[in-house]
Amino acid sequence: ADSIAEEGIDYLRGLPDITVDVKTGLSPDELDAIISRYAGLIVRSATKVPKGLIDRGTNLRVIGRAGSGLDSIDVEHAQQKGIIVLNVPQALSVSVAEHTMCLILALCRHTPQAHASIRAGGWEKGKFKGAELYKKTLGILGLGGIGQMVAARAQGFGMQVIGYDNAFYSESFEQVIRQADILTIHVPLTPQTRHMIGEHEIAMMKDGVRIINCARGGIIDEAALYRALVSGKVAGAALDVFEQEPPAGNPLLTLDNVVITPHIGASTKEAQVSVGMTIAKKVAGILLSTGTTESVARP
Ligand code: MLT
């Protein structure tokens, strides 16, 4: 129901017992009207899979999320109905980790602003004095696949890396947010992580902290972040994700100390081919009953 790499669609089309329809850009009503025809559904983040759609999908056996985040799918309801929900978080970890490094560097060196300035005829060498990463403390919230890859890459820049993850022993959440010069978020959006960075948490951070979010909008309270960016408490933020996407009218877009990209962390050729192929194989495995339930979605 959302576009995936051609390689994945070709793989599915090549299987004799599977018929594939590609119907992207459907409205929720249009998808509701046809879902009962299908045993499998593959989506990215644009197509939401709420309770009502799952209830109408009377023949559904598997929902494949061509990506990582499961916040757009009512996973609990699907699983109660015996529908397997699969995602492919590993397939895009490298790309998201690399985009995180890209945003950290862009934020610290004002790359987008310098690019815009020179294209507008300027040569403002003095205006774009940046900050080095070397010996700065990087705080990582969430030490899953992406968080760990960011840690390894940041160590290559000579950063001190500290991290928090509620799944295993780590620094405490408070230690990480208090000590970080740059804070980057790599947790899924769940009821527990919604607004995990808000006014109270920002007040605990170092003055002049920089914040990066390549995970999900909604983990940071955008109104609190906006106030802290205006006051200077937070020196800058780099955001690939927003509470509402696209973020039309979002006041964060008006600030000079914000670097933004349109949710492109996983948008590389390599990640998309890997995501498309991996989800196609996993979904086919379930539909052809050769799959195992080992690959049930994990946040
Ligand atoms: C994901 O969760 O897979 C990424 O944020 C990419 C996306 O949703 O398109």
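When the letters of the sequence shown are read in order and numbered with my numbering, they come out as residues 15 to 313. Even for Gly, the Cβ is constructed at its ideal location relative to N, Cα and C.
Item to complete: Indicate, with yes or no, if the ligand MLT has a heavy atom lying under 7 Å from the CB of His-277.
Response: His-277 Cβ: within cutoff of the ligand MLT.
Worksheet item: What separation, rounded to the nearest whole angstrom, lies between the Cα atoms of Ser-107 and Arg-79?
Response: Whole-angstrom Cα-Cα distance: 15 Å.
Worksheet item: Pro-64 to Val-89, Cα distance in whole Å?
Response: The straight-line gap separating the alpha-carbon atoms of Pro-64 and Val-89 is approximately 9 Å.
Discussion item. Spatial neighbours of Ala-60 within its chain, please: C-beta separation below 7 Å, excluding the five flanking residues on both sides.
Written reply: These residues qualify, in order along the chain: Asp-16.
Item to complete: Please say whether Ser-86 and Gly-279 have beta carbons closer to each other than 8 Å?
Response: At a Cβ-Cβ threshold of 8 Å, Gly-279 and Ser-86 do not count as neighbours.
Discussion item. Pop quiz: Ala-229 and His-200 are said to be a contact at Cβ under 8 Å. What is the actual Cβ separation, rounded to whole angstroms?
Written reply: With 8 Å as the limit, Ala-229 and His-200 qualify as a contact, their Cβ atoms being about 5 Å apart.
Worksheet item: Can you name the residues that DSSP bridges to Tyr-178?
Response: Within the DSSP secondary-structure output, Tyr-178 pairs in a beta bridge with Leu-155.
Practice prompt. Can you tell me which of the three DSSP states Ile-18 falls into?
Written response: The three-state reading of DSSP puts Ile-18 in coil, since its state is none of H, G, I, E or B.
Worksheet item: CA-CA distance, Ser-309 and Val-76?
Response: Annotation note: pLDDT 45 at Ser-309 (below 50); position unreliable, coordinate value reported separately. Answer to the nearest angstrom: the Cα atoms are 12 Å apart.
Discussion item. Quick check for students: name the residue ranges of the beta strand (DSSP E) that lie wholly in the segment 210-252, counting only runs of 3 or more.
Written reply: At a cut-off of 3 residues, the continuous stretches assigned as beta strand (DSSP E) that sit fully inside the segment 210-252 are 223-227.
Worksheet item: Apart from the five residues on each side of it in sequence, which residues of its chain come closer than 7 Å, Cβ to Cβ, to Val-297?
Response: So the qualifying residues of the chain are Gly-54, Ile-56, Val-76, Gly-78 and Leu-100.
Practice prompt. Could you pull out every residue in the same chain whose Cβ sits closer than 6 Å to the Cβ of Thr-282, ignoring the five residues on either side in sequence?
Written response: Leaving aside the five residues that flank Thr-282 on each side, the residues in its chain whose CB is nearer than 6 Å to its CB run, in chain order, Ser-109.
Worksheet item: Is it true that the CB of Leu-301 sits closer than 8 Å to the CB of Ile-32?
Response: Yes, they are a contact pair.
Worksheet item: Residues bridged to Ile-274 by DSSP?
Response: Under DSSP, Ile-274 takes part in a beta bridge, and its partners are Leu-253.
Practice prompt. Could you name the residues of the same chain whose beta carbon sits closer than 8 Å to that of Thr-307, not counting the 5 residues immediately before and after it, in chain order?
Written response: With a pLDDT of only 47 at Thr-307, under the threshold of 50, the placement of this residue in the model should not be trusted; the figure read from the coordinates follows. Only Ile-98 meet the Cβ criterion.
Worksheet entry | Distance between Gly-232 and Asp-223 (C-alpha atoms, nearest Å) | Per the sequence shown, the amino acid found at residue 223 is Val instead of Asp. Val-223 and Gly-232: Cα-Cα distance of roughly 19 Å.
Worksheet item: Taking 7 Å as the cut-off, does the CB of Arg-208 come closer than this to any heavy atom belonging to the ligand MLT?
Response: Result no, Cβ not under 7 Å from the ligand MLT.
Practice prompt. Identify, in the order they occur along the chain, each residue of the same chain with its Cβ nearer than 8 Å to the Cβ of Lys-149, setting aside the five sequence neighbours on each side.
Written response: Excluding its 5 nearest sequence neighbours in each direction, Lys-149 has C-beta neighbours in its own chain below 8 Å: Gly-172, Met-173 and Gln-174, listed in chain order.
Fill in: Residue range of the alpha helix (DSSP H) that includes Thr-72
For Thr-72, there is no enclosing alpha helix (DSSP H), since its DSSP letter is neither H nor E.
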